[in-house]
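Trainee: Input: one structure, supplied below.
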Amino acid sequence: MERLTANWETPRWYHTFTELSEMVAEGGFMIRRMVEPRPTEEQVRQNPDLDDCHRVPYFLIFELVAS
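Numbers 47 to 113, taken from this note's numbering, label the letters of the sequence shown in order.
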C-alpha cells in the first residue's frame, strides 16, 4: 500500500462525560456501550507519543439505542 504523504487534521471536540451524556439524552438516545480504542504496545513502541493515550482517551466510540 502506498504511504500517504499529505498532512491533514482531525476535527477535535472537547467535552466532559456529563456534556456528552446530556447530548446523547437530549438527542433521544441512551448509551448501550462505550469503547476507548487504544494502541497496542507495539504501536506505542513505534510511536512513543501515543503513550499517554493509556491515561487519556484519544477517541470514544458510543453504541447508542433510541430511548
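Glycine included, each C-beta is placed from N, C-alpha and C at the ideal position.
Hey, out of 93, 53, 101 and 69, whose CA is closest to residue 82's CA?
Mentor: Locating residue 82 in the sequence shown gives position 36, where the first residue counts as 1. Closest option to residue 82, Cα to Cα, is 101.
Trainee: Cβ of residue 109 within 8 Å of Cβ of residue 84?
Mentor: By 1-based counting over the sequence shown, the position of residue 109 is 63. By 1-based counting over the sequence shown, the position of residue 84 is 38. No, these two residues do not count as a Cβ contact at 8 Å.
Trainee: What first and last residue would you give for the beta strand (DSSP E) that runs through residue 75?
Mentor: Within the sequence shown, numbered from 1, the residue matching residue 75 stands at position 29. Taken as a continuous stretch (DSSP letters only), the beta strand (DSSP E) holding residue 75 covers 75 to 81.
Trainee: Between 59, 86, 73 and 64, which lies nearest to residue 111 when the distance is taken from Cα to Cα?
Mentor: To locate residue 111, count along the sequence shown from 1; it is residue 65. The shortest Cα separation from residue 111 among 59, 86, 73 and 64 belongs to 73.
Trainee: In whole angstroms, what is the alpha-carbon distance linking residue 64 and residue 89?
Mentor: Translated into positions along the sequence shown, residue 64 becomes position 18. Translated into positions along the sequence shown, residue 89 becomes position 43. Going from the Cα of residue 64 to the Cα of residue 89 covers about 31 Å.
Trainee: Pick helix, strand or coil for residue 110, following the three-state DSSP scheme.
Mentor: Walking along the sequence shown from the start, residue 110 turns up at place 64. Looking at residue 110 - three-state DSSP - the assignment turns out to be strand.
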